[in-house]
Amino acid sequence: MQTALPQELAAIDAHNHVRAGADGNLDVGRAEALLQGCSRLGIDRIAVSVPYTDSVVAPERYRAGNEVVWQAMQHSPRFIGFCFVDAHDPAAALAEIEHCIVERNMAGVKLYHQFFVDADEQRPVMEKAASLGVPVLMHAGKCTDPATMAAQPRLSNAGHFRVALEKYPETILIQGHIGGGGDWEWNLRTLEGIDSDNYYIDLSGSVIDAGIVRRSVDTVGCERLLFATDGSLEEGVGKLLAAGLSMREMRLICHDNFARIMARRKV
0 MQTALPQELA AIDAHNHVRA GADGNLDVGR AEALLQGCSR LGIDRIAVSV PYTDSVVAPE
60 RYRAGNEVVW QAMQHSPRFI GFCFVDAHDP AAALAEIEHC IVERNMAGVK LYHQFFVDAD
120 EQRPVMEKAA SLGVPVLMHA GKCTDPATMA AQPRLSNAGH FRVALEKYPE TILIQGHIGG
180 GGDWEWNLRT LEGIDSDNYY IDLSGSVIDA GIVRRSVDTV GCERLLFATD GSLEEGVGKL
240 LAAGLSMREM RLICHDNFAR IMARRKV
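Under numbering that gives the first Met the number 0, the first residue of the sequence shown carries the number 0, and numbering increases by one thereafter.
Encoded structure:
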């Protein structure tokens, strides 16, 4: 039984995380464990961020998180950094994007549920990312249970992404974790017929329902899908291997699509 991705794919996990230890610096032990786990599963490189779930995140907090991401990048070239910002303070967010992307060579911007992806408040961040040619990875889902809806009232779903693509036509958008919970089938139905070179969705999340990967390929096309785990390493690899994909589809999803996004960088 195959239990790892083929090494020749040079697979990239497009959505994962590192975290700080008790001293506020990179938790090196956890980072090493992540690298070792990825090696065993055939994952070559890992895109990481430090997200915050608060409704408002002070700039000094996300700067500290982005410093941890930078430390991870220094620890191993296998880590690809994404910088987290909160658009509540546009000037601070734009300055942090400039610092992280231009000065520290991070690869993209990470947003959470502080605002919907299509909110007017996101415009400065979206336009800044577009000007730099880097993607915006957005936390997303379609939750229907009252507890999650109360906890994440601004959780973006596929409908918000379709609006955002019209609103920010120059920005590369990555919809996070089709398997992150909630009604993934609703999200896929909403994405039917999507036709944009700026739209991608990652396959991460702990949901491993039968057919989730195959349905995603059939709905949006393998050219718009990114392999990712969001920390669920074995589940992410297992559901991909079980999907019956061709080697061409696997190459696109595991490496080539992400590489194509990175090639659009302007700085």
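Each residue gets a CB set at the ideal place from its N, CA and C atoms; glycine is no exception. These figures come from a predicted structure and were not determined experimentally.
Original post:
Taking 7 Å as the CB-CB cut-off, is residue 60 touching chain C?
Top reply: The structure shown has no chain C; it contains just one protein chain.
Subject >> First and last residue of the uninterrupted beta strand (DSSP E) at residue 199 >> reply: In the sequence shown, residue 199 corresponds to position 200, counting from 1. Per DSSP, residue 199 belongs to the beta strand (DSSP E) from 198 to 201.
Subject >> Where the alpha helix (DSSP H) containing residue 186 begins and where it ends >> reply: As a first step, residue 186 must be located in the sequence shown, where it is residue number 187. Segment 183 to 190, the alpha helix (DSSP H) holding residue 186.
Original post:
How about residue 198 and residue 164: do their beta carbons lie closer than 7 Å?
Top reply: Within the sequence shown, residue 198 is the residue found at index 199, counting from 1. Within the sequence shown, residue 164 is the residue found at index 165, counting from 1. Contact flag set, yes.
Subject >> Where the beta strand (DSSP E) through residue 11 begins and ends >> reply: Within the sequence shown, numbered from 1, the residue matching residue 11 stands at position 12. Start and end: 10 to 16.
**OP:** Could you check the C-alpha separation between residue 91 and residue 0 for me, to the nearest Å?
**Re:** Taking the sequence shown and counting its residues from 1, the one referred to as residue 91 is at position 92. Taking the sequence shown and counting its residues from 1, the one referred to as residue 0 is at position 1. Approximately 50 Å, taken between the alpha carbons.
Subject >> For residue 265, the three-state DSSP class (helix, strand or coil) >> reply: Numbered from its first residue, the sequence shown carries residue 265 at position 266. The answer is coil: DSSP assigns residue 265 none of H, G, I, E or B.
Subject >> Residue span of the beta strand (DSSP E) that contains residue 173, given as start and end >> reply: Translated into positions along the sequence shown, residue 173 becomes position 174. Its beta strand (DSSP E) spans residues 172 to 174.
Original post:
Under 7 Å, do residue 70 and residue 25 count as touching if we go by C-beta distance?
Top reply: As a working note, residue 70 is residue 71 in the sequence shown. As a working note, residue 25 is residue 26 in the sequence shown. In contact: residue 70 and residue 25 (Cβ atoms closer than 7 Å).
Subject >> Range covered by the alpha helix (DSSP H) that runs through residue 37 >> reply: The count along the sequence shown starts at 1 and reaches residue 37 at position 38. 27 to 39 is the span of the alpha helix (DSSP H), which, as asked, contains residue 37.
Original post:
What residue from 255, 261, 249 and 259 has the CA that sits closest to residue 3's CA?
Top reply: Here residue 3 is taken as the residue at index 4 of the sequence shown, counted from 1. The candidate whose alpha carbon is nearest that of residue 3 is 249.
Subject >> Cβ shell of residue 166 (< 6 Å), same chain only, five flanking positions each side left out >> reply: Along the sequence shown, one-based indexing puts residue 166 at 167. These residues qualify, in order along the chain: 117.
Subject >> DSSP three-state assignment for residue 108, whether helix, strand or coil >> reply: Position 109 of the sequence shown, counting from 1, holds the residue named residue 108. Three-state result, residue 108: strand.
**OP:** Could you pull out every unbroken alpha helix (DSSP H) segment of at least 4 residues lying fully inside the stretch 55 to 123, listed in chain order?
**Re:** 58 to 74 and 89 to 96
**OP:** Enumerate in chain order the residues of its own chain whose CB-to-CB distance from residue 55 is below 8 Å, with the five nearest sequence positions on each side excluded.
**Re:** Mapped onto the sequence shown, residue 55 falls at position 56. For residue 55, where only same-chain residues beyond five positions count, the Cβ hits under 8 Å are 85, 87 and 113.
**OP:** List the DSSP bridge partners of residue 141.
**Re:** As a first step, residue 141 must be located in the sequence shown, where it is residue number 142. Per DSSP, 181.
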